[in-house]
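Here's the structure we're looking at; comments come further down.
Protein chains in written order, with the numbering used here: chain U, 2 to 548; chain S, 171 to 216.
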């Protein structure tokens, strides 16, 4: 097969300008809505101050190892998830497509939440929600229909901001990795941090803030013997770090040949957690104020997700001094954090389609963002959108991301037995060396934790259903969607890679392509050669023999 | 604010933000072209 022989026409893959551009983009991806509206609640519910123990253990034993794992695959095999897994082993391409499709689904509904937050930034000025933020959100703003079945009754105040979100994303992704993705993160992350620091300072001076912080940080040591608390910590770290569903594989594929992968990964992991701590302080200081203003315990006002953002915070804004400022800072932070995450989520899809079909970036972006935007507007800017959002979010995260990560880790570690290659690659270019402990974490601890999370969630949903929604609805947008993603992923992996595709046309500068033999099983540059020792390549055993 | 809550807020900040600062210092001390086995290997470091 000719594709593996030297070819002077091979193009270089797009690259970040430097490691800081990559680090900011990776932090921008990791720091998202979950940091702001999920972590504080999870920490409070699982031991308060004592939660820091399982949280740090989870960060060090699962989050950062999985981050390194994604980096190694993306950087070593220089491709979007389907291409990277294809280069790893032909039959694993479908794992990459599964991750891509999960990103597509998440991106489609994520845009709706950013649109809500953008509108609420505007609403903060006049406190449009009045005396009853809950009634306003579901009634006046979303105009939620009684019938949960999807309809085409568009809500203009959701439709137009969503359209704006999609147009902005289209431009950022279309401009490219350096000028679009990296620039958006290099601007967005400092803006986000400044806005949130100001929000925290304002919140700390609200009456009742100390009670909120007491509730968050007072340790409850007894809960540490509860396995569910540890699973909650692993779940928070896992969902927060943007690992296991292709984003970090894609971003790492845009890194230069010589990049300190583990050093950058530590920076990304700890930065993400640092922002979570900051978010916890800001949110609970504000909730403490809300509790005091209403004459109730903090426990009675604690909430997360959409309830925290669009019901609790409007209440706080209405009652607090400088409420409009708090509103702009809080919802503005959600918008910025959401955008940098959404860009990373959709770049996975763009990169995969671009790699497979060999299209140029603008054509790919218009096709991918246009399709995703159309589906997004049809499903989520209508009076039935919030129910679809609720179900797809729950299944895409717990069934999809956890399942795909579990399969990836097990396949690479146990079936292909390529973990040593990943470790060698990380150590070849990185300052923080990984070894036996890392391999145990990835090959043993991670599969156990992920399998427990996945199985327990599937069993719970299968036995108890999901929420109050009818079973046909959960079956269609939950189970049906989740299984359809796997089927479509397998079908996409069966489509041939054309000569224009990145598999054949892009240079993988991690390898010396001139030295590659012609391995029919391993088209393109990659798995036929293993980066083994210092500055040297050697040809791996033929796949039939060695793997 | 209760002393125990202040203590644990302090611990969380010191450990997590301290980890970030330590990571930053480590990263600054280890430029890409000098990192890893390739970084300390003789020969070209392109």
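C-beta atoms are modelled at their ideal positions from N, C-alpha and C, and glycine is treated no differently.
Closer than 9 Å to chain S by CB, residue i
i, result
"residue 259 of chain U", "yes"
"residue 277 of chain U", "yes"
"residue 184 of chain U", "no"
"residue 62 of chain U", "no"
"residue 430 of chain U", "yes"
"residue 265 of chain U", "yes"
"residue 39 of chain U", "no"
"residue 274 of chain U", "yes"
"residue 207 of chain U", "no"
"residue 196 of chain U", "no"
"residue 211 of chain U", "yes"
"residue 271 of chain U", "yes"
"residue 433 of chain U", "yes"
"residue 282 of chain U", "yes"
"residue 242 of chain U", "no"
"residue 67 of chain U", "no"
"residue 427 of chain U", "yes"
Proximal residues of chain U, C-beta to C-beta of residue i below 9 Å
i, result
"residue 184 of chain S", "Here the premise fails: no neighbours, minimum Cβ distance about 10 Å."
Own chain, CB closer than 6 Å to residue i, minus 5 neighbours either side, in chain order
i, result
"residue 70 of chain U", "443"
"residue 213 of chain U", "285, 286, 288, 289, 299"
"residue 319 of chain U", "128"
"residue 311 of chain U", "138"
"residue 243 of chain U", "30, 31"
"residue 196 of chain S", "none"
"residue 231 of chain U", "55"
"residue 254 of chain U", "75, 79, 80"
"residue 52 of chain U", "44"
"residue 73 of chain U", "423, 426, 427"
Beta-carbon contacts of residue i that lie in its chain and below 8 Å, excluding the five residues immediately before and after
i, result
"residue 365 of chain U", "351, 354, 355, 358"
"residue 275 of chain U", "none"
"residue 417 of chain U", "89, 90, 93, 548"
"residue 564 of chain U", "Residue 564 of chain U falls outside the range modelled here, since chain U spans only 2 to 548, and no answer is possible."
"residue 96 of chain U", "82, 86, 405, 408, 409, 412, 490"
"residue 432 of chain U", "261, 263, 264"
Contact set for residue i: own chain, Cβ-Cβ below 7 Å, skip 5 residues either direction
i, result
"residue 107 of chain U", "346, 397"
"residue 587 of chain U", "Any answer about residue 587 of chain U is impossible in this case: the structure gives chain U only from 2 up to 548."
"residue 448 of chain U", "407, 410, 411"
"residue 440 of chain U", "420, 424"
"residue 43 of chain U", "233, 237"
"residue 160 of chain U", "378, 382"
"residue 362 of chain U", "175, 177, 355"
"residue 125 of chain U", "318, 325, 328, 329, 332"
Identified DSSP bridge partners for residue i
i, result
"residue 12 of chain U", "U:507"
"residue 383 of chain U", "U:155"
Under 9 Å from the C-beta of residue i: neighbouring residues of chain C
i, result
"residue 174 of chain S", "Absent from the structure is chain C; the protein chains it does hold are U and S."
Within chain U, the residues that residue i reaches when beta carbons sit closer than 7 Å
i, result
"residue 181 of chain S", "53"
Under 7 Å from the C-beta of residue i: neighbouring residues of chain S
i, result
"residue 20 of chain U", "202"
"residue 57 of chain U", "185"
Listed by chain order, chain S residues near residue i by CB distance under 9 Å
i, result
"residue 268 of chain U", "190, 193, 194, 196, 197"
"residue 139 of chain U", "None at all; the shortest Cβ gap to chain S is about 34 Å."
9 Å Cβ cutoff, residue i in contact with chain U
i, result
"residue 216 of chain S", "Low per-residue confidence applies at residue 216 of chain S: pLDDT is 40, beneath 50, and the placement is therefore not dependable enough to give any value."
Practice task
Could I get the ranges of all uninterrupted alpha helix (DSSP H) runs contained in the region 115-199 of chain U, with 4 residues as the minimum, in chain order?
Solution key: Taking only runs of at least 4 residues, the alpha helix (DSSP H) segments lying wholly in the region 115-199 of chain U are 157-176.
Problem - Segments assigned alpha helix (DSSP H), at least 4 residues, entirely inside the region 290-362 of chain U - result: Entirely contained in the region 290-362 of chain U, the alpha helix (DSSP H) runs reaching 4 residues are, in chain order, 314-320, 324-358.
Practice task
Would you mind listing the alpha helix (DSSP H) stretches within the region 227-271 of chain U that are 4+ residues and don't spill past its ends, in chain order?
Solution key: 228-241, 248-254
Practice task
Note down, one range per segment and in chain order, each alpha helix (DSSP H) of at least 4 residues found wholly within the region 389-473 of chain U.
Solution key: List check, alpha helix (DSSP H) in window: 403-411, 420-430, 437-441, 447-465.
Handout entry: Start-end ranges of the alpha helix (DSSP H) lying completely within the region 54-98 of chain U, minimum 4 residues
Key = 65-78, 82-89
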